[in-house]
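In what follows, a structure is listed as structure tokens, so that the remarks can point back to it.
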Amino acid sequence: MHSPLNRDVPVYVAGHTGLVGSACVRLLRRRGFTRVVTASSAELDLRDHEATAGFLRRHRPEVVLLAAARVGGIAANHAAPADFLSDNLRIQLSIMDAARALRIPRLLFLGSSCIYPRDCPQPIHESVLLSGPLEPTNEAYAVAKIAGVTQVSSVRRQDGLPWISAMPTNLYGPGDSFDPERSHVLPALLRKFDEAVREDAGTVTVWGTGTPRREFLHVDDLAEACLTLLEHYDDDSPVNVGTGEDLTIAALAELVAATVGFRGRIAFDPRRPDGTPRKVLDISTIRALGWAPRIGLAEGLRSTYAWYRGAQEVVVR
Ligand code: GDP
2 MHSPLNRDVP VYVAGHTGLV GSACVRLLRR RGFTRVVTAS SAELDLRDHE ATAGFLRRHR
62 PEVVLLAAAR VGGIAANHAA PADFLSDNLR IQLSIMDAAR ALRIPRLLFL GSSCIYPRDC
122 PQPIHESVLL SGPLEPTNEA YAVAKIAGVT QVSSVRRQDG LPWISAMPTN LYGPGDSFDP
182 ERSHVLPALL RKFDEAVRED AGTVTVWGTG TPRREFLHVD DLAEACLTLL EHYDDDSPVN
242 VGTGEDLTIA ALAELVAATV GFRGRIAFDP RRPDGTPRKV LDISTIRALG WAPRIGLAEG
302 LRSTYAWYRG AQEVVVR
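Residue numbers (the numbering used here): 2 to 318.
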């Protein structure tokens, strides 16, 4: 079992401009970490093995939070599977190879709940990893993430470094991508319904049948979970991080409509893919470590919507 981290150790947050990385940096600073190391993609291309090794040699972090990844929603994954596979494999490999060569003692790799088999029992327990076929709409991304989890457990076994992996459910919050074609469902719907209110449109069309079920976790809750795991978890198995509760896409659409004040009609477009029917996580492992989600979906939607509107105003100005 790990112990609390010294607030003066250098902590490298890979992917600090993304949804997850930015939340982790906010939390670390709030908790008094004085040496949070970051590099923008302009300064460091994490797909570049040599450049990444040089960066880690220069900064010598004692903790690596690997939150860098190419991510996107169901359409983006469908459109560019080769990019999702290649970029994610290269990012993970450069960081973990460099961290291994330097024997960096703590590393947290972030995967995703889509790594579990498509038709596994719900809620999904960590032990079902690699027990069946994957959901085809994000198979390339999932295979890359499974390779990352396997790299962590292999380094643990071969080198004795106490690295760990976490598997977050669908995340949302400030700093998310709101791109209508490429983003995940929650930001996509916030944007669609917001635009509908502004344009006085009578109908909003939601992709798919509305029947798939998804679980949503606010990214600030994930950041707390990451710190909990870095300080209190040391085991081979990845750890699920979610709320343990899900809802249908149709119910999410209703909630988003209520959040932004849309009173029109919600239509569904079944020509768009549904993806996996359900993926709700069993979160008993992380709950046993004392972590629990704190931000409910209605509250999280309200604050994320406020953040989105604020960001829009900055763009307009
Ligand atoms: P997934 O969890 O990997 O399937 O990724 P997404 O967050 O992209 O999609 C979740 C579900 O929401 C799927 O069933 C989508 O068809 C559905 N969905 C409904 N409307 C939208 C939308 O506007 N954008 C996205 N990305 N998904 C949508």
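Using N, Cα and C, we set each Cβ at its ideal position, and we do this for glycine too.
- When the five nearest sequence neighbours on each side are left out, no beta carbon in the same chain lies closer than 6 Å to the beta carbon of residue 236.
- Under the three-state reduction of DSSP, residue 95 is assigned to helix.
- Every beta strand (DSSP E) stretch that sits fully inside the region 193-275 and reaches 3 residues is listed by chain position as 204-208, 217-219, 240-242, 266-270.
- Counting along the chain, no beta strand (DSSP E) covers residue 68, and no H or E run does either.
- Straight-line spacing of the CA atoms in residue 227 and residue 173 works out to 15 Å.
- Taking a contact as a CB-CB distance under 8 Å, the pair residue 242 and residue 124 does not count as one, their CB atoms being some 13 Å apart.
- Taking a C-beta distance under 9 Å as the contact criterion, residue 260 and residue 217 do not qualify as a contact pair.
- Residue ranges of uninterrupted alpha helix (DSSP H) with 4 or more members, entirely inside the region 124-175 and ordered along the chain, are 140-160.
- Counted as a single uninterrupted DSSP element, the stretch harbouring residue 10 is not any beta strand (DSSP E), since DSSP gives it neither H nor E.
- A contact between stretches requires three or more CB pairs, one per stretch, nearer than 8 Å, and the region 142-161 fails this requirement with the region 285-302.
- Using a cutoff of 8 Å, the CB of residue 121 does not count as near the ligand GDP, since none of the ligand's heavy atoms is closer than that.
- A direct Cα-to-Cα measurement between residue 302 and residue 192 gives close to 12 Å.
- Of all C-beta pairs linking the region 103-120 to the region 85-92, fewer than three are shorter than 8 Å, placing the two stretches out of contact.
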